[in-house]
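A.B. asks: The sequence shown lines up with residues 1 to 91 when you count with full-length UniProt numbering.
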Amino acid sequence: MTNLAGLPPRFLRTPEAADFLGLSSRTLEKHRTYGTGPAYRKLGGRVVYALDDLKAWADRGAVTSTSDPRGSVLPAKRHDAAAGQASRSRR
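(1) Note down the Cα distance separating lysine 30 from arginine 10, rounded to an integer number of angstroms.
(2) By Cβ distance, which residues of its chain are closer than 7 angstroms to residue 163, with the 5 residues on each side in sequence left out?
(3) Is there contact between the segment 16 to 36 and the segment 51 to 67, where contact requires at least three CB pairs shorter than 8 angstroms?
(4) State yes or no: is the C-beta of alanine 17 within less than 8 angstroms of the C-beta of leucine 7?
(5) Between threonine 64 and valine 73, what straight-line distance do the alpha-carbon atoms span, to the nearest angstrom?
(6) Which residues in the same chain have their Cβ closer than 6 angstroms to the Cβ of serine 25, if we skip the five residues on either side of it in sequence?
(7) For valine 47, write down the residues that DSSP places opposite it in a beta bridge.
See the structure below:
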């Protein structure tokens, strides 16, 4: 990996950020919509991601074994408490 020390913060647009994470642009957009993705910034009308924010978000999902508790990176879908409780009460 390249050494980024001494360089100004680098910002990536959605397609570049998705490539960096190994996701599709659409998945990253869904994460942004549902609030489950990495921090982002709006510069004018453009959405950009800082490399440090992408790395930090990906690191939240780090585990060392399949028996470890799941990382804290949620799937790109709505995660509201009301919907979760309603689906559980129907069972």
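For each residue, glycine too, the CB sits at the ideal point set by N, CA and C.
If you're wondering where the values come from, they're calculated on a predicted model, not measured in any experiment.
C.D. replies: On the basis of the coordinates in this document:
(1) Computed Cα separation, rounded: 22 angstroms.
(2) As displayed, the chain neither begins before 1 nor continues past 91, which places residue 163 out of reach and without an answer.
(3) Yes, they touch.
(4) With a cutoff of 8 angstroms on beta-carbon distance, alanine 17 and leucine 7 are scored as not near each other.
(5) Using only the alpha carbons, I get a separation of about 15 angstroms.
(6) Within the same chain, Cβ atoms closer than 6 angstroms to the Cβ of serine 25 are found at Thr14, Pro15 and Ala18, the five residues on either side in sequence being excluded.
(7) For valine 47, which the question treats as bridged, DSSP gives the partners Lys42.
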